[in-house]
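K.L.:
Mind looking over this structure? Questions follow.
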Amino acid sequence: MTSVHRGIALCFWLGAMFLVRGDCLALDKKLSSGLSHYIMATMYDSLQKEDLAIIEYKKALHYDKKNTLVRLNLASAYLKANEINKAIDELNLVAKLDPSGVEAHAILSLVYFLQNENELANKEYEIALKNASLLNPKSLDIYKGLGLLYIRQKKFDLAIQTYTKVLELSKGDAEAHFYLSSIYYELGDKLKTEQELEKALSLKADYPQALNFLGYFYAKENKNLDQAEILVKKALEMDPNNGAFIDSLGWVYFKQGKTEDALKLLLKAAALIDDAEIYSHLGEVYFKLGDKEKAKNYWGSSLMLNPDQKDIIEKLQKI
C-alpha cells in the first residue's frame, strides 16, 4: 500500500470513528457535510497543510460543536502550526465537554511542560492519570505514574496510598516497595525506609537502584558499612557509569575512613553529573583532608543547586 493509499485509508477510518460516536448527529445532510469537511481536514493534516486542515476542522465543527474528536484534531493542528494559545483553548474546551477524558489533559500537560509552566503541567497530568485509572483500574503503570507525580509534588500521603494500591493489585511488585522506601526516607522514617528496601530486594535481588539506595542508606546511618560496600558494588556491576552509584560508593569509603579512595570516586561522580549531594560530599572530604578552601567551594556549589541545606550553611559560617 502506498503512502497516499494509507493516507486515504486513514481518513476513512477516522471518518468511521466520527460516525460511531454516540453523540454524533443523525445520518442526515448536516452529518454528511460535517463528515466531508472532517475527511478533508484529516487529508490536509496528513499532507502537513495545517492551515487548510484548520479551516476544514472548523467547518466540521459548525455542524457538531460538541464533537471532541474533531476538537482534539483541531488542537493538534494548531500545535503543528505553532498557534499554542488557540490549541490550549481547544484542549480546555474538550476537557469541559468530556470531564472523564484523558487525551486533552495529557496533551495540555505536555504543552504546559514545554512552556515551563510546571505547576499547570503537573495539575493536568494528575487529572489525566486519575481519569486513566478510572478507565483502567487495574493498570499498574498508571498508578505508578501517578505515585511518581505525587512524590515530585511532595504529596507523600497520596503517594503512599497510590503505591499501596499497586501492591493490592500486584503483591510482588518490587518497584512499588522501592518508591515507598523513597517516600519514607523523605519523611524521615528510617525503619520503614530500610524495611521497604529489603522487601524490594527480596522480590528482585538484582534491582540496581534498590541495591544502591540501601547501601547509601547504610552509609548515611554509619552502619553495616561492609554490607553497604557489597550492595553498591553490585549495583555498579550492572551500571558502571552511573554517577549516583559512584557517589554512593565514594560515601561508603569515606565512612570507612578510606578518604583518598573516596575523593577519587566522588570527583569521578562529579564529572558525570551536576548534583548538590555529590558536591556536599566532596566538601566533607576536602574539609577532612584540611583543604578548607576547596571544601568551601564545593559546599557553595551544592548550595547553588539546592539552597535549602541548613547544615551546609552552618558549616560555611563556621569556616
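Quick note: the sequence shown uses my numbering, first residue 1303, plus one each step.
Idealized CB from N, CA, C, for every residue including glycine.
For E1488 versus I1444, is the C-beta spacing smaller than 9 Å?
P.N.:
The answer is no: Cβ separation not under 9 Å.
K.L.:
Return the Cβ separation of L1381 and A1389 in integer angstroms, given the expectation that the two are a contact with Cβ distance under 8 Å.
P.N.:
The Cβ separation is near 5 Å, so the contact holds.
K.L.:
Buried or exposed: where does S1550 fall if 16 or more other Cβ atoms within 10 Å of its Cβ makes it buried?
P.N.:
It counts as buried.
K.L.:
Go ahead and pull the three-state DSSP assignment for E1616.
P.N.:
Three-state result, E1616: helix.
K.L.:
What span of residues does the alpha helix (DSSP H) with Y1465 cover, start to end?
P.N.:
Segment F1458 to L1471, the alpha helix (DSSP H) holding Y1465.
K.L.:
Rounding to the nearest angstrom, what Cα-Cα distance links L1568 and I1429 in this structure?
P.N.:
Each residue's alpha carbon lies about 41 Å from the other.
K.L.:
Nearest-angstrom Cα distance between F1480 and S1411?
P.N.:
One C-alpha to the other measures close to 26 Å.
K.L.:
The alpha helix (DSSP H) spanning K1506 covers which residue range?
P.N.:
K1506 -> no alpha helix (DSSP H), and no H or E assigned at all.
K.L.:
Please go through the same chain and pick out, in chain order, the residues whose beta-carbon is closer than 6 Å to the beta-carbon of L1399, but skip the five residues on each side of it.
P.N.:
These residues qualify, in order along the chain: K1368 and T1370.
K.L.:
Between D1577 and G1545, is the Cβ-Cβ spacing less than 9 Å?
P.N.:
Going by C-beta atoms, D1577 is nearer than 9 Å to G1545.
K.L.:
DSSP three-state call for L1442: helix, strand or coil?
P.N.:
Looking at L1442 - three-state DSSP - the assignment turns out to be helix.
K.L.:
Hey, how far is the Cα of H1407 from the Cα of Y1427?
P.N.:
Between H1407 and Y1427, the C-alpha separation is close to 6 Å.
K.L.:
So what does DSSP say about E1539, is it helix, strand or coil?
P.N.:
In the structure shown, E1539 sits in a helix (DSSP, three-state: H, G or I).
K.L.:
So, helix, strand or coil for I1429, using DSSP?
P.N.:
Helix.
K.L.:
At what residue ranges does the stretch 1541 to 1570 contain a whole run of the alpha helix (DSSP H), taking only runs of 4 or more?
P.N.:
Runs found: 1545 to 1558.
K.L.:
Exposed or buried, which one is L1513 when buried takes at least 16 other CB atoms within 10 Å?
P.N.:
L1513 comes out buried.
K.L.:
For I1580, which three-state DSSP category applies?
P.N.:
Correct three-state label for I1580: helix.
K.L.:
Between the Cα of V1587 and the Cα atoms of I1575, A1573, S1603 and K1566, which residue gives the shortest distance?
P.N.:
It is K1566.
K.L.:
Taking its Cβ as the centre, do 16 or more other Cβ atoms sit within 10 Å of K1456, making it buried, or is it exposed?
P.N.:
The residue is exposed, with fewer than 16 neighbouring Cβ atoms inside 10 Å.
K.L.:
Can you tell me the Cα-Cα spacing of S1603 and F1589, whole angstroms?
P.N.:
Cα-Cα distance, rounded: 15 Å.
K.L.:
Under a Cβ-count criterion, where at least 16 other Cβ atoms within 10 Å of its own Cβ denotes burial, should T1344 be classed as buried or exposed?
P.N.:
Its Cβ being crowded by 16 or more others within 10 Å, T1344 is buried.
K.L.:
Report the CB separation of T1495 from S1483 in whole angstroms; it is logged as a contact under 8 Å.
P.N.:
Correct: roughly 5 Å between the Cβ atoms.
K.L.:
For Q1529, does the three-state DSSP call read helix, strand or coil?
P.N.:
If DSSP states are grouped into helix, strand and coil, Q1529 belongs with the helices.
K.L.:
Quick one, which of I1462, A1572 and H1583 has its alpha-carbon nearest F1556's?
P.N.:
Closest by alpha carbon: H1583.
K.L.:
Using only the alpha-carbon positions, how far apart do L1574 and M1606 sit?
P.N.:
Each residue's alpha carbon lies about 18 Å from the other.
K.L.:
Quick one: what's got a C-beta closer than 7 Å to L1469's C-beta in the same chain, skipping five residues either side?
P.N.:
Here the set comprises D1475 and A1478.
K.L.:
Note the first and the last residue of the continuous alpha helix (DSSP H) segment covering N1390.
P.N.:
With the sequence shown as reference, residue 1390 is identified as Ile, and Asn is not the correct amino acid for it. Where I1390 is concerned, the enclosing alpha helix (DSSP H) stretches over I1386 to L1399.
K.L.:
Buried or exposed for G1448, going by 16 or more other Cβ atoms inside 10 Å?
P.N.:
Checking the displayed sequence, the identity of residue 1448 turns out to be Leu instead of Gly. By the 10 Å Cβ count, L1448 comes out buried.
K.L.:
In the DSSP assignment, find the alpha helix (DSSP H) that holds I1575 and state where it starts and stops.
P.N.:
Run containing I1575: none; DSSP gives neither H nor E here.
K.L.:
Using the Cβ count rule (16 or more neighbours within 10 Å means buried), how would you classify N1433?
P.N.:
When all chains shown are included, N1433 counts as buried.
K.L.:
Would you say I1357 and S1378 are within 9 Å of each other, going by their C-beta atoms?
P.N.:
In this structure, S1378 does not lie closer than 9 Å to I1357 by Cβ.
K.L.:
Hey, I1437 and V1413: beta-carbon distance below 9 Å or not?
P.N.:
Correcting the residue type first, residue 1437 is Leu in the shown sequence and not Ile. Result no, Cβ atoms of L1437 and V1413 do not sit closer than 9 Å.
K.L.:
Is the Cβ-Cβ distance between L1499 and F1519 less than 9 Å?
P.N.:
Going by C-beta atoms, L1499 is nearer than 9 Å to F1519.
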